[in-house]
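Reviewing the structure listed below.
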Ligand SMILES: Cc1ncc(COP(=O)(O)O)c(C=O)c1O
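Numbering (our numbering), first residue to last: 2 to 433.
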C-alpha cells in the first residue's frame with residue numbers, strides 16, 4: 002500500500018522527500034537549451050517564478066520586465082501580439098482570447114458612463130450588440146451612421162460630444178470599404194478617438210494605424226490565423242493606449258491561451274501568401290459572377306462597379322477574399338443556391354482555407370421578413386462569400402451548377418416562400 006506517501010508529520014532530517022513531492026519537482030525541471038529554437042515555444046505555464054518576493058511584486062506591477070501570471074502576460078502570447086502589431090505598423094499590441102474580447106477591451110478602455118460612440122451602420126452584429134446592449138446598459142449611447150457618407154458622419158459627430166468613432170475596414174453586408182484617412186481626420190477634429198475593426202482586411206490589405214486610426218482591433222480567428230481552428234483577437238496602437246488596454250484586460254480576463262497564440266502565429270507566417278491567393282481567386286470569381294445570368298449585383302473591392310472602388314484603391318493594398326452578390330430570384334434562389342453547393346462549407350465565420358458561403362436571409366437572419374431585412378441592409382437574395390484557397394475552376398464549376406439550381410428555384414418558389422417565411426416577431430440575428 003502507498004499510505005506511507007501521505008505522512009502527516011515532518012520527516013526526520015536527511016530522509017528523502019516523498020514520491021509525490023519528487024514527482025512534482027522532477028516534472029517541472031526546465032531543460033537547458035543553448036540553441037535558440039526556430040519556432041516560438043508554447044510557454045504552457047500560467048505561473049512564472051521570481052528570485053524573491055520583492056522581484057515577483059515588481060514584475061507583477063510592471064516596475065521591471067518579466068512574467069508573473071498568465072492573465073497578465075505570457076511569452077508566447079506576447080510574441081504573437083508583438084508580431085501582429087509590427088505588421089499593423091503600430092507601436093504595441095495586446096492579444097485576447099477572441100476578437101470580441103479585443104473589441105470589448107478596446108472600447109471599454111476608452112468609454113465611460115455618459116460617453117457617446119458614433120459607429121458604422123454596417124458593423125458586425127455582435128459588435129453592434131456590444132455597443133447597444135453591454136455598453137448601453139452602462140449609460141453609453143451609440144449612434145449608427147453610413148460610414149461611406151462622410152457628411153452624415155460629420156453631422157453625427159457634430160450632434161454631441163463623441164468619445165469614439167468606430168468603423169470596419171471592410172464590412173457586411175455589401176463589402177463596404179471605409180475611407181480611414183477621411184474618417185480619422187473627422188474623428189480627431191471632433192475630439193474623438195478613431196477605432197477600426199480590420200478583421201475582413203487583415204494587416205496585409207490595410208494598416209489603419211498608418212492611416213490615422215488610434216486603435217485597431219482584429220479577430221485573429223479569421224484571416225490572421227486562417228484555418229478555422231483557433232480563436233484569438235488583437236488590439237494594436239500606440240504604446241500608451243495599448244498599455245491602458247492591457248490594464249483593462251488584466252481586470253476583465255479575456256486572456257489568450259499560449260497554445261492558441263502559437264497556432265495563430267503559425268497562421269500569421271503565411272498570411273501574405275494566403276491573402277494573395279484569396280484576392281486572386283475572389284477577384285476572378287467576382288468578375289465571373291458579374292457575367293452570369295440571374296445575378297443582379299456583385300460586390301468586391303477589385304470591381305470597377307464597387308461603390309467605394311476609388312476609396313479601396315487608396316486604402317487597400319489588395320482586394321481581399323470577401324465578396325457578396327445578389328441573386329435576382331430573392332430568398333428562394335438564395336436558399337437553393339446555398340443548398341446546391343458542393344465545395345463551400347455551409348457554416349459561419351470567414352477567412353479560412355476553405356470557401357464559406359452564407360445566405361443571411363435563410364440562416365442568421367431567417368426570422369426577419371423582407372422589410373426587416375432591408376432595415377438591416379440585407380436584400381433577400383444576398384449571399385456573402387469568404388473565398389478560400391481552392392482551385393478557381395472548381396469554384397466556378399460549383400457556383401455555376403448552384404446558379405442553375407437558384408434560377409430554377411427563384412421565380413417559381415418566390416410566392417410560396419414569402420408566404421411561409423416567418424413574418425412576425427423579428428428575432429435578434431444569430432451572432433455569427
Ligand atoms: C468583423 C468581425 N469582427 C469581430 C468578430 C468577432 O471575432 P471573434 O469571433 O473572434 O470573437 C467577427 C466574427 O465573425 C467579425 O466578423
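Every residue gets a Cβ at the ideal spot worked out from N, C-alpha and C, and that includes glycine.
Model, not experiment: these values are computed from the prediction.
beta-carbon residue i near ligand 1 non-hydrogen atom, thresh 7 Å
{"i": "residue 145", "result": "no"}
{"i": "residue 198", "result": "yes"}
{"i": "residue 169", "result": "yes"}
{"i": "residue 351", "result": "yes"}
{"i": "residue 101", "result": "yes"}
{"i": "residue 436", "result": "Residue 436 is absent from the model: the chain starts at 2 and stops at 433."}
{"i": "residue 176", "result": "no"}
{"i": "residue 382", "result": "no"}
{"i": "residue 133", "result": "no"}
{"i": "residue 268", "result": "no"}
{"i": "residue 234", "result": "yes"}
{"i": "residue 222", "result": "yes"}
{"i": "residue 128", "result": "yes"}
{"i": "residue 205", "result": "no"}
{"i": "residue 141", "result": "no"}
{"i": "residue 136", "result": "no"}
{"i": "residue 104", "result": "yes"}
{"i": "residue 201", "result": "yes"}
{"i": "residue 70", "result": "no"}
Beta bridge counterpart(s) of residue i as assigned by DSSP
{"i": "residue 289", "result": "According to DSSP, which records beta bridges pairwise, residue 289 is partnered with nothing at all."}
{"i": "residue 323", "result": "387"}
{"i": "residue 143", "result": "118"}
{"i": "residue 312", "result": "Note: residue 312 sits in no beta bridge, so no partner."}
{"i": "residue 332", "result": "Residue 332 pairs with nothing; no bridge assigned."}
{"i": "residue 198", "result": "169, 218"}
{"i": "residue 358", "result": "386"}
{"i": "residue 48", "result": "70"}
{"i": "residue 296", "result": "328"}
{"i": "residue 346", "result": "357"}
Cβ neighbour criterion (16 or more within 10 Å) applied to residue i
{"i": "residue 160", "result": "exposed"}
{"i": "residue 288", "result": "exposed"}
{"i": "residue 62", "result": "exposed"}
{"i": "residue 42", "result": "exposed"}
{"i": "residue 201", "result": "buried"}
{"i": "residue 272", "result": "buried"}
{"i": "residue 152", "result": "exposed"}
{"i": "residue 353", "result": "buried"}
{"i": "residue 25", "result": "exposed"}
{"i": "residue 138", "result": "exposed"}
{"i": "residue 17", "result": "exposed"}
{"i": "residue 192", "result": "exposed"}
{"i": "residue 4", "result": "The predicted model places residue 4 with a pLDDT of 44, which falls under 50 and marks its position as unreliable, so this point remains unresolved."}
{"i": "residue 225", "result": "buried"}
{"i": "residue 325", "result": "buried"}
{"i": "residue 85", "result": "buried"}
{"i": "residue 297", "result": "exposed"}
{"i": "residue 327", "result": "buried"}
{"i": "residue 20", "result": "exposed"}
{"i": "residue 256", "result": "buried"}
{"i": "residue 309", "result": "buried"}
{"i": "residue 48", "result": "exposed"}
{"i": "residue 279", "result": "buried"}
{"i": "residue 1", "result": "Since the first residue shown for the chain is 2 and the last is 433, residue 1 is missing from the structure and cannot be characterised."}
{"i": "residue 135", "result": "exposed"}
{"i": "residue 34", "result": "exposed"}
{"i": "residue 157", "result": "buried"}
{"i": "residue 270", "result": "exposed"}
{"i": "residue 112", "result": "buried"}
{"i": "residue 306", "result": "exposed"}
Near ligand 2: residue i beta-carbon under 7 Å from a heavy atom
{"i": "residue 125", "result": "Summarising the ligand content, the structure contains ligand 1 and does not contain ligand 2."}
(request) Enumerate, from N- to C-terminal direction, the unbroken alpha helix (DSSP H) stretches of 4 or more residues contained entirely within the segment 235 to 281. (result) Given a length threshold of 4 residues, each whole run of the alpha helix (DSSP H) inside the segment 235 to 281 is given here in chain order: 240 to 253, 259 to 270.
(message) List, from N- to C-terminal side, the beta strand (DSSP E) runs of 3 residues or more that fit wholly inside the segment 159 to 195.
(response) Segments of the beta strand (DSSP E) lying fully in the segment 159 to 195: 165 to 169.
(request) Only counting runs of 4 or more residues, tell me where the alpha helix (DSSP H) segments fall wholly within the segment 51 to 100, in order along the chain. (result) Within the segment 51 to 100, the alpha helix (DSSP H) runs of at least 4 residues that lie entirely inside it are, in chain order, 54 to 61, 76 to 89.
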